[in-house]
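S.K.: Protein chains in written order, with the UniProt record's numbering: chain D, 1 to 357; chain W, 1 to 357; chain S, 1 to 357; chain E, 1 to 357.
Protein chains: 4
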Amino acid sequence: MKLIHDPLHGGIELDDFAVRLIDTPEFQRLRRITQLGLAYLAYPSARHTRFEHSLGTFHLAKRVRTYNPEIEEGALYAALLHDLGHYPLSHTLEALYPRHEENTRWVIKHGEIGDVIRERYSLKEFFKSLKHPLVSGDIDADRMDYLVRDAYYTGVAFGLVDMDRLIRNLRWDGERLVVSEKGVIAAQNLLLARSMMYPTVYQHHTSKIASAMLVKAVELEGISYEEIRTMDEIDLVSRLRGSEKPEVRGLMEAIDDRKLYKRVVYTNEDPGEEVVRELKKELEEEFGHLAIVDYPPKPKFEEKNAFVEVGGELKRLSEVSPLVRALVELKDTHWRWGVYAREEVREMVEVFLKKLF
Amino acid sequence: MKLIHDPLHGGIELDDFAVRLIDTPEFQRLRRITQLGLAYLAYPSARHTRFEHSLGTFHLAKRVRTYNPEIEEGALYAALLHDLGHYPLSHTLEALYPRHEENTRWVIKHGEIGDVIRERYSLKEFFKSLKHPLVSGDIDADRMDYLVRDAYYTGVAFGLVDMDRLIRNLRWDGERLVVSEKGVIAAQNLLLARSMMYPTVYQHHTSKIASAMLVKAVELEGISYEEIRTMDEIDLVSRLRGSEKPEVRGLMEAIDDRKLYKRVVYTNEDPGEEVVRELKKELEEEFGHLAIVDYPPKPKFEEKNAFVEVGGELKRLSEVSPLVRALVELKDTHWRWGVYAREEVREMVEVFLKKLF
Amino acid sequence: MKLIHDPLHGGIELDDFAVRLIDTPEFQRLRRITQLGLAYLAYPSARHTRFEHSLGTFHLAKRVRTYNPEIEEGALYAALLHDLGHYPLSHTLEALYPRHEENTRWVIKHGEIGDVIRERYSLKEFFKSLKHPLVSGDIDADRMDYLVRDAYYTGVAFGLVDMDRLIRNLRWDGERLVVSEKGVIAAQNLLLARSMMYPTVYQHHTSKIASAMLVKAVELEGISYEEIRTMDEIDLVSRLRGSEKPEVRGLMEAIDDRKLYKRVVYTNEDPGEEVVRELKKELEEEFGHLAIVDYPPKPKFEEKNAFVEVGGELKRLSEVSPLVRALVELKDTHWRWGVYAREEVREMVEVFLKKLF
Amino acid sequence: MKLIHDPLHGGIELDDFAVRLIDTPEFQRLRRITQLGLAYLAYPSARHTRFEHSLGTFHLAKRVRTYNPEIEEGALYAALLHDLGHYPLSHTLEALYPRHEENTRWVIKHGEIGDVIRERYSLKEFFKSLKHPLVSGDIDADRMDYLVRDAYYTGVAFGLVDMDRLIRNLRWDGERLVVSEKGVIAAQNLLLARSMMYPTVYQHHTSKIASAMLVKAVELEGISYEEIRTMDEIDLVSRLRGSEKPEVRGLMEAIDDRKLYKRVVYTNEDPGEEVVRELKKELEEEFGHLAIVDYPPKPKFEEKNAFVEVGGELKRLSEVSPLVRALVELKDTHWRWGVYAREEVREMVEVFLKKLF
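1) Assign W/LYS262 to one of three DSSP states: helix, strand, or coil.
2) How big is the Cα-Cα spacing for E/TYR40 and E/TYR202?
3) Counting only Cβ-Cβ distances shorter than 7 Å, please list the residues of the stretch 237–260 of chain E near chain S, keeping chain order.
4) For W/ARG249, I'd like the list of residues in its chain whose CB is within less than 6 Å of its CB, leaving aside the five on either flank, ordered along the chain.
5) Please report the Cβ distance between S/SER321 and S/VAL184, rounded to the nearest whole angstrom; I am assuming they are in contact, meaning their Cβ atoms lie under 8 Å.
6) If you count every other CB in all the chains shown that lies within 10 Å of the CB of D/ARG99, and 16 or more means buried, which is it?
7) Suppose you measure from the CA of D/PHE307 to the CA of E/ASP162; what does that come to, to the nearest Å?
8) Could you pull out every residue in the same chain whose Cβ sits closer than 6 Å to the Cβ of W/LEU353, ignoring the five residues on either side in sequence?
9) Hey, out of W/MET197, W/LYS355 and W/ASP232, whose CA is closest to W/LYS331's CA?
10) If you draw a straight line from the alpha carbon of E/GLU73 to that of D/ASN169, how long is it in whole angstroms?
11) Determine whether the beta carbon atoms of D/THR49 and D/ILE113 lie at a separation below 7 Å.
12) Should D/PRO246 go down as buried or exposed, given a rule of 16 or more other Cβ atoms within 10 Å for buried?
13) Starting from the N-terminal side, write out each stretch of the alpha helix (DSSP H) that is 4 residues or longer and does not extend beyond the UniProt domain "HD/PDEase" (46–156) of chain S.
14) Would you check if the distance between the CB atom of E/GLU62 and the CB atom of E/LEU80 is smaller than 7 Å?
15) Would you say the beta carbon of D/LEU21 comes nearer than 6 Å to a heavy atom of the ligand GDP?
16) Does DSSP put S/THR267 in a helix, in a strand, or in coil?
17) Which residue from S/VAL178, S/GLY338, S/PRO299 and S/ASN189 puts its Cα closest to that of S/GLY137?
18) Based on the DSSP secondary-structure assignment, which residues constitute the bridge partners of W/ASP6?
19) So with Cβ pairs under 7 Å, would you call D/GLY338 a contact of chain E?
20) Provide the residue(s) that pair with E/GLY338 in DSSP beta bridges, ordered along the chain.
21) By the 10 Å Cβ neighbour count, where 16 or more other Cβ atoms means buried, how is S/ALA42 classified, buried or exposed?
22) Please give the ranges of any alpha helix (DSSP H) in the stretch 189–238 of chain W, keeping only runs that are unbroken, at least 4 residues long and fully inside the region.
23) Let me make sure I understand the geometry here. Which of D/LEU84, D/PRO88 and D/TYR266 has the alpha-carbon closest to that of D/LEU130?
24) Give me the Cα-Cα distance between W/GLY37 and W/ARG20, rounded to the nearest whole angstrom.
25) Classify D/SER238: buried if its beta carbon has 16 or more other beta carbons within 10 angstroms, exposed otherwise.
26) Just tell me which of E/ASP257, E/LEU192, E/ILE228 and E/TYR146 has its CA closest to the CA of E/THR206.
27) What separation, rounded to the nearest whole angstrom, lies between the Cα atoms of D/TYR121 and D/PHE127?
28) Rounded to the nearest angstrom, what separates E/GLU273 and E/PRO299 at their Cα positions?
29) Please state whether the Cβ-Cβ distance between D/ALA193 and D/LEU166 is less than 7 Å.
30) For E/ALA210, which residues from the same chain have a beta carbon less than 7 Å from its beta carbon, with the 5 sequence-adjacent residues on both sides left out?
31) From the DSSP output, which residues share a beta bridge with W/PHE307?
32) Which chain E residues sit within Cβ distance under 7 Å of D/ARG168?
33) Would you mind telling me which residues of chain E sit closer than 9 Å to D/ARG165, beta carbon to beta carbon, in chain order?
34) Spatial neighbours of W/ILE117 within its chain, please: C-beta separation below 6 Å, excluding the five flanking residues on both sides.
35) Using CA atoms only, rank isn't needed, just tell me which of W/VAL293, W/ASP6, W/GLU284 and W/GLU286 is closest to W/VAL276.
36) Around the C-beta of W/ALA326, are 16 or more other C-beta atoms found within 10 angstroms, so that it is buried, or is it exposed?
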């Protein structure tokens, strides 16, 4: 048994099997994958990694299982390993490659860690555990850890979620985790925390611009999935720094020095995917990598679908909590798409866009 | 005016000059210099960097100056920039190169940041400010920030230091910061925090072994001062990973995968520097990089020398506080030197050492 | 200068004039007035008093004034003394007597504290300061302190409000405090904190029932305004314990022993004030003090009216923040009125009520 | 099952038997017994009561038992009820009456709560449980809760004790709780926290003077053990306020208004018990209740005797930790005895004392 200190959960206990999973190159690599990607350019203290988050998810999963011992043990280790497949800077590059969940399975199949798993579980069995509602449901150990962890390291919305109360009020009904009546406010606050972090952290413009620049650099460099899937952040950044293409080196240097592109368009009005695709093409032809279009997906707020048991009946969280409904209705208010350009061409891009519309 | 969130100090306010200093490649590089080097191998959440620490030091310096407006303004910006010269992984490599304070001056002289400074101060003047007691005294803004910050991120001894009380009870007497009577306990607790973190964090064996391995790798690779002085951690690690020497690559991989050397000797008994030097030579001849000697300097606890004003008289903190005296007397109790060896040769090293003595 | 520790604000500095105001019987009495009345029957740790809250309000007022030095100094001391007139158990008994603000003026006029004030201000002037927007506006030092303090001691919604950011973004425009753009989220979260504490703390049924019982006891005992206005909680409780009327003693003992009345009606459906008044009369005739009607006013959420400056224009917080609008729309959702009865008559009251409607 | 929020421990779970014990007049009375007596005159926020502390002790006892299921269940409920016999203002009056542990047994024998206990345990059995090392050992649930709780509410030394680590490293060996090697630092810090709170909180002069005045008032009033043993703080204070003796009323009013006696003697030099007794007699004859001698016992630091298991051997904590030895050696440094006098006679007492020696 090993005890690791965590600023959120106090002491995290690791049994021997967990320790052996952690002591593999694949898991240790998570120490070099920042949880919030480039958000630290806006929140300098947001330097936490997928490593701590994975330990935290394991810890919360164990706590939920204390109250629901019928949950299969494999789900705990799935909680520990669910993020193995993240690419450097977490979600930043995910649009360019297969989703990280898919890569997690690849890493397990091909890494040392697969051998450790196979001592207890067949991989087929384990892959099923990765989809267990405790690990990947509407309210699960993963979400609970990252929402609270991100809040803690950025200072936004921290303290909002009463983790103790939530955990004590999650009941496994054989198929899913159900929030019982006394946990409704705690569950609602998960969504509240998300809705508060969405504009201020997850969609902070500094982080979005830097991320868009990085995506562009990776595209220009032409890094394949075969290459990226085992890279850590040191591999990626040193690759871009040492690129043969000056525009790639330039983008990377600009991110390093925090000399970011400027916003030409930044708006909540959605012209529709097609218009944006067209615009992107036109801009690329005209300005190359000096102007970037950033059109993120709308937020999902999946917690709203969580099942809640009120007066003996199963309902959706959004049916039960008027505040949740309000948050879901408002969720797109803070969504923004944008066009960012290098300082020198900013005005030209502006003129070009005006002509275009 | 800009406001940056910090988990320790809440909001840190930055004036325009500070913002311009921060917006230079030299300062941004500090984002990629981990405050506690490889300590995160023992305390996963200890991922804070010199960047946040520098902002925090600036913030505390400003707070002390609120109560002592006679302190020259330049000392504040010196507080902000005092760590510019740190090498990758902070103190880890300092034994191989000039002290980081010297490198700070080099960076200022040769970087963009020097140009910003020169708008307000001559470099000569500014270099003097870097030695101001507010920045580098027995009790100063630097120590206050890092002791509390390290405590926070590792969870060891956090909450011990009453920063508010200490700051309010620091008085500038024209020459130095003097702790007034009501601040004695707060000052004593700085030392207490250090004495508690010394064995558990600063000298944690995991971190010491990994550091010794890294130092060995850098020695073998033969990185010059001219090269290292502007490197960040990505530069360093990717250089070692891509080394032409297999033993360098091997050491780096072992650190990445946390497959660390094992302790053969680990003891508080000090055989004296000469014996250790001899031993080192013998071991190197026999085992090359497979066995490493780690003989760290004894801890200093400089806070004990801080001046305290009690009943109108200036005294040293150690004169006034019996607990401080006790801590100073005990300070070498937790010092350890060690010989670490790769698993495969561990027993051979043990036998060899036994023959040697 | 005196420094007092406060778990929320760290060190609170008191200048000499503040110390002299505090060192009066009228201010010391606030140590014996619980901030949240009988809420501690539901939240045992909610034992904070008007004393700490008053110090905290003073502290926050001073911090706001640091950024807005044009605010008159008198407003600070008004912040310190604004709650002098609270009755035992704070708002619990306020329906029976003049509002506590009126009593504050009475206490100042007739207490030692008035003499201290008069050394610097005329009472007329000081009474005007008590209405200063810093002390009693839509967003003011009073609200900021109590919302965060109540959150802290009950553990509900704590951490939600970024006090630092809010304070730094309050601007005095000569007439009122205006929230500037960067403070909107922090201001919104004040309202969010209130809306979260409203059902769980401020309207917790245990506290409401005990309060209704206490009000009934005080009514039966017939304590006059002349008597109550200088009482502390010890005076009140010992008076009720020692009452000549057995029903008063019985109610007090039941509160002491937490043997509370039970809910017969507890509903969000509002039958209108007239119906409730009628019902109250009928119940009183039939059951005397054994059944109590509790019909609280609807919540106000005055923060919604705070002025915000967005893009150079003054707007109301509710215009700017869709979440605030949602909270205001939902604010009556958690309002409840109730009929509570002693265990023994509970069923009889139920039957009686069914007949009545 | 009931969940109560506690600012220290998060959620405290109460089983049905615990709830029934708590729902008795004897336990509810603890809500009106302040944990730190009159310390709130120096630390306004120190308003926590024996009620919360008792819940906290129960909670910690349960956590220790999770790791040591062989501990008898009765010890848990003993932890919950161990402080039932405290007099108003906790230890303040203990010198005048039988120790509170004795009174705890009396309360159990004669109160409703005894009936609840007897459903599960014989009183004889239960009284034995009250002495269980988990409840009253050198390191026990009681000490752990109150040291951390007092630290929290006063802000002194908070955060010092790593409760998680300590609890996980307490092992029941059938006879006592033994600290295992990894818990030594956490155990040492309990003692450190005590040694830091001793001078600043437990022996704060404001609290000591007010306590000495209260003891004097109770002596003058002549309250018997039969009376005090069921009183709460409201009973006591209203009794003293309504005393027929003007000197009693005067003392009580002075405490209420915080117009405290002044220090004439306050020193670390111990003249020995006999001299002090003589002095007390002389002063009483000359000045009656206007001058009070306060000669507290020396601190005990019992944690030093805790058993620790190091390398398979049982040792005392003080043998193992040099810091603990230092603290024990220094423990009397901060002890003070004093003579306090009413402002008006202060100088006369000073002269009188000078003549006497």
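Ideal Cβ positions, reconstructed from N, Cα and C, are used throughout, including at glycine.
M.R.: Per the coordinate set shown:
1) strand
2) 11 Å
3) VAL237, SER238, ASP256, ASP257 and ARG258
4) SER243
5) 6 Å
6) exposed
7) 37 Å
8) none
9) W/MET197
10) 25 Å
11) no
12) exposed
13) 50–67, 74–81, 100–110, 112–118, 123–129, 133–136 and 141–154
14) Looking at the sequence itself, residue 62 of chain E is Lys, so the reference to Glu does not match. No, the pair does not count as a contact, with Cβ atoms beyond the cut-off.
15) The model depicted lacks the ligand GDP and carries no ligand whatsoever.
16) strand
17) S/VAL178
18) W/GLY10
19) no
20) E/TYR266 and E/ASP294
21) buried
22) 205–221 and 225–228
23) D/LEU84
24) 27 Å
25) buried
26) E/ASP257
27) 10 Å
28) 15 Å
29) no
30) LEU38, LEU41, ILE255 and LEU260
31) W/VAL178 and W/ARG316
32) LEU3 and GLY11
33) LEU3, HIS5, GLY10 and GLY11
34) PHE126
35) W/VAL293
36) buried
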